[in-house]
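> Quick note on numbering: UniProt numbering labels position 192 of the sequence shown as 192, and the sequence is numbered without any gaps.
We treat Cβ as the ideally placed atom computed from N, Cα and C, and that holds for glycine.
Quick caveat: nothing in here was measured; it's all calculated off a predicted structure.
To start, I am sharing the structure in question, which I have written as structure tokens.
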Amino acid sequence: MAVYAIGDVHACLDPLRRLLDRLGYDPAADTLWFTGDLVNRGPDSAGTLRFVRGLGRRAHVVLGNHDLHLLAVRAGHGELRRSDTLEPLLRAADGDELLDWLQQRPLLHEDAELPFVLVHAGLPPQWDIATARRLAREAEAALRGPDSDPLFAHLYGDQPDRWQESLTGWERLRYIINAFTRLRFCDAEGRLLFRYKGPPEQAPADHYPWYAAPGRRHRPEDGTLITGHWSTLGLRRGPGYITLDTGCLWGGQLTAVRLDDPRIPVTALPCPAARTPG
Numbered sequence: 001m002a003v004y005a006i007g008d009v010h011a012c013l014d015p016l017r018r019l020l021d022r023l024g025y026d027p028a029a030d031t032l033w034f035t036g037d038l039v040n041r042g043p044d045s046a047g048t049l050r051f052v053r054g055l056g057r058r059a060h061v062v063l064g065n066h067d068l069h070l071l072a073v074r075a076g077h078g079e080l081r082r083s084d085t086l087e088p089l090l091r092a093a094d095g096d097e098l099l100d101w102l103q104q105r106p107l108l109h110e111d112a113e114l115p116f117v118l119v120h121a122g123l124p125p126q127w128d129i130a131t132a133r134r135l136a137r138e139a140e141a142a143l144r145g146p147d148s149d150p151l152f153a154h155l156y157g158d159q160p161d162r163w164q165e166s167l168t169g170w171e172r173l174r175y176i177i178n179a180f181t182r183l184r185f186c187d188a189e190g191r192l193l194f195r196y197k198g199p200p201e202q203a204p205a206d207h208y209p210w211y212a213a214p215g216r217r218h219r220p221e222d223g224t225l226i227t228g229h230w231s232t233l234g235l236r237r238g239p240g241y242i243t244l245d246t247g248c249l250w251g252g253q254l255t256a257v258r259l260d261d262p263r264i265p266v267t268a269l270p271c272p273a274a275r276t277p278g
């Protein structure tokens with residue numbers, strides 16, 4: 001009855017299968033939490049979605065920025081980029097069925113029996129867990145509802161960059177989704193900073209990693225955040241957070257941490273590079 005959290009897979013299905021073999025994963029008893037970005041950049045987005053979807057209730061997935069980009073492209077409001085590897089999935093006979101399943105995934109997942117909260121990127125400093133939970137449900141309803149098509153038309157953009165409860169409409173939803181799926185750094189006033197994507201040790205002045213931002217309202221006792229998204233950060237543990245994107249796509253590792261028994265060491269599988277940065 002083990003529960004494992006796994007970092008960003010990015011369509012690297014073979015490393016995922018090998019990691020599960022190494023874990024001794026039992027699909028009849030064990031549960032997997034995925035940090036999002038199941039698709040894109042890697043070689044097999046369709047196969048990865050088929051595999052994870054086939055796990056049924058034993059797999060919990062939160063949406064990442066690449067997952068949302070895929071859905072926006074499907075809706076006709078996003079353009080494929082040179083680095084995207086999504087066309088085979090978009091052309092697949094079961095593509096719409098797989099994407100319909102993906103669109104129903106949440107932005108935040110938690111289990112009342114475990115002291116963890118799963119999101120793709122992080123939380124801005126103005127949000128505690130209760131606020132994050134409420135705003136996740138708000139954005140999820142929009143992503144799944146009849147207004148999802150116009151939402152994807154307004155999805156892209158870096159503004160607004162600072163949370164205010166008074167935000168409304170597309171700007172409010174864009175901020176919420178950006179915070180859950182694109183966040184790495186904030187400035188001292190809590191504004192989201194998107195340009196720099198490297199490690200914190202080399203960040204420009206006034207760039208604070210989200211987990212160390214001034215005025216952070218998230219308290220570790222309210223739940224340890226499990227996140228991915230930030231491959232140049234890698235595996236890190238701190239008060240109230242564990243980061244799990246260890247760059248499988250770039251020849252790093254695919255990492256799993258056991259949530260129900262923290263005494264068990266992290267399992268990391270070295271991966272051949274599916275892509276080179278750039």
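1) Since I believe T31 is in contact with V3 (beta carbons under 8 Å), could you give me their beta-carbon distance rounded to a whole number of angstroms?
2) What did DSSP end up calling Y211 once you bin it into helix, strand or coil?
3) How would you write the range of the beta strand (DSSP E) that Q253 sits in, first residue to last?
4) Indicate whether the contact test is met: 3 or more Cβ pairs, each with one atom in the segment 120 to 129 and one in the segment 139 to 146, closer than 8 Å.
5) Tell me which residues share the same chain as H120 and place their Cβ nearer than 8 Å to its Cβ, disregarding the 5 neighbours each side in the sequence.
6) Give the list of continuous alpha helix (DSSP H) stretches no shorter than 4 residues that lie fully inside the segment 49 to 99.
7) Would you mind stating whether C271 and G252 have Cβ atoms separated by less than 8 Å?
8) Report all residues from its chain with a CB closer than 7 Å to the CB of D44; omit the five preceding and five following residues, and keep chain order.
9) Where does the unbroken beta strand (DSSP E) through Y4 begin, and where does it stop?
10) Starting from H109, follow its DSSP beta bridges and name the residues at the other end.
11) Which stretch, first to last residue, makes up the alpha helix (DSSP H) that contains Y175?
12) Just the C-alpha distance for L143 and R172, rounded to the nearest angstrom, thanks.
13) Just verifying my parser: in three-state terms, what is the DSSP assignment at residue 367?
14) Using the rule of at least 16 other Cβ atoms within 10 Å of the residue's Cβ for burial, across every protein chain shown, is S231 buried or exposed?
15) Tell me whether T243 is buried or exposed, calling it buried when 16 or more other Cβ atoms sit within 10 Å of its Cβ.
16) Would R82 be called buried (16 or more neighbouring beta carbons within 10 Å of its own) or exposed?
17) Under three-state DSSP, which class holds P270?
18) Per DSSP, what kind of secondary structure is I129 in: helix, strand or coil?
19) Which same chain residues end up closer than 8 Å to P160 when comparing Cβ atoms and leaving out the 5 residues on each side of it in sequence?
20) Would you mind reading off the limits of the alpha helix (DSSP H) that contains L225?
21) So what does DSSP say about W33, is it helix, strand or coil?
22) Could you spell out the range, first to last residue, of the alpha helix (DSSP H) harbouring D149?
23) How far does the beta strand (DSSP E) with R237 in it reach, from first residue to last?
24) Can you give me the C-alpha to C-alpha distance between L193 and D206, rounded to a whole angstrom?
25) Is it right to say P15 is buried, meaning 16 or more other beta carbons lie within 10 angstroms of its own, or is it exposed?
26) Considering only residues of the same chain and omitting the five flanking positions on each side of A93, which have a CB-CB separation below 6 Å?
27) Applying the criterion that 16 or more other CB atoms from any shown protein chain within 10 Å of the CB defines a buried residue, is P199 buried or exposed?
Checking against the coordinates, here is how it stands:
1) Residue 3 sits at position 3 when you count from the first residue of the sequence shown. Residue 31 sits at position 31 when you count from the first residue of the sequence shown. About 5 Å separates the CB atoms of V3 and T31; that is less than 8 Å, so the two are in contact.
2) Here residue 211 refers to the residue found at position 211 of the sequence shown. In the structure shown, Y211 falls within a helical segment according to DSSP collapsed to helix, strand and coil.
3) Numbered from its first residue, the sequence shown carries residue 253 at position 253. Q253 -> beta strand (DSSP E) spans 253 to 258.
4) Segments in contact, no.
5) As a working note, residue 120 is residue 120 in the sequence shown. So the qualifying residues of the chain are T35, G36, D37, V62, L63, G64, N65, L107, F180, T181, T227, G228, H229.
6) Counting only runs of at least 4 residues, the segment 49 to 99 fully encloses the following alpha helix (DSSP H) elements, listed from N- to C-terminal order: 65 to 74, 87 to 91.
7) Position 271 of the sequence shown, counted from the first residue, corresponds to residue 271. Position 252 of the sequence shown, counted from the first residue, corresponds to residue 252. It is a contact, given that the beta carbons lie within the stated cut-off.
8) As a first step, residue 44 is located in the sequence shown; it is residue number 44 there, counting from the start. Here D44 has A11, L13 as same chain residues with Cβ atoms under 7 Å from its own Cβ, once five neighbours each way along the sequence are excluded.
9) Counted from its first residue, the sequence shown places residue 4 at position 4. Per DSSP, the continuous beta strand (DSSP E) segment holding Y4 begins and ends at 3 to 6.
10) Residue numbering aside, residue 109 sits at position 109 when the sequence shown is read from its first letter. The partner list for H109 (beta bridge, DSSP) reads L118.
11) The residue given as residue 175 occupies position 175 in the sequence shown. Start and end: 169 to 182.
12) Reading the sequence shown from its first residue, position 143 is the one you call residue 143. Reading the sequence shown from its first residue, position 172 is the one you call residue 172. When rounded, the distance between both Cα atoms is 13 Å.
13) Residue 367 is absent from the structure shown; the chain starts at 1 and stops at 278.
14) The count along the sequence shown starts at 1 and reaches residue 231 at position 231. By the neighbour-count criterion, in which 16 or more other beta carbons inside 10 Å mark a residue as buried, S231 falls on the buried side.
15) Numbered from 1 along the sequence shown, position 243 holds the residue referred to as residue 243. The C-beta of T243 has 16 or more other C-beta atoms within 10 Å across all chains shown, which makes the residue buried.
16) On the sequence shown, residue 82 is found 82 positions in, with the first residue counted as 1. In this structure R82 is exposed. Its beta-carbon is surrounded by fewer than 16 other beta-carbon atoms within 10 angstroms.
17) Taking the sequence shown and counting its residues from 1, the one referred to as residue 270 is at position 270. For P270, the secondary structure class from DSSP, reduced to helix, strand or coil, is strand.
18) Against the sequence shown, residue 129 aligns to sequence position 129. DSSP places I129 in helix when its eight states are reduced to three.
19) Your numbering for residue 160 matches position 160 in the sequence shown. Once the five neighbours on either side are set aside, the close Cβ partners of P160 are L167, E171, R174, Y175.
20) Start at 1 with the first residue of the sequence shown, and residue 225 comes out as number 225. Run containing L225: none in the alpha helix (DSSP H); it sits in the beta strand (DSSP E), 224 to 227.
21) For the purposes of this step, residue 33 is identified with residue 33 of the sequence shown, where counting begins at 1. In the structure shown, W33 falls within a strand segment according to DSSP collapsed to helix, strand and coil.
22) By 1-based counting over the sequence shown, the position of residue 149 is 149. Where D149 is concerned, the enclosing alpha helix (DSSP H) stretches over 148 to 153.
23) By one-based count along the sequence shown, residue 237 stands at place 237. Start and end: 236 to 238.
24) On the sequence shown, residue 193 is found 193 positions in, with the first residue counted as 1. On the sequence shown, residue 206 is found 206 positions in, with the first residue counted as 1. If you take the alpha carbons of L193 and D206, they lie about 10 Å apart.
25) Locating residue 15 in the sequence shown gives position 15, counting from the first residue. So P15 counts as buried.
26) Translated into positions along the sequence shown, residue 93 becomes position 93. Non-local beta-carbon contacts of A93 in its own chain, meaning distances under 6 Å to residues more than five positions away in sequence, are absent.
27) Walking along the sequence shown from the start, residue 199 turns up at place 199. Note on P199: under 16 other CB atoms within 10 angstroms of its CB, so exposed under the neighbour-count rule.
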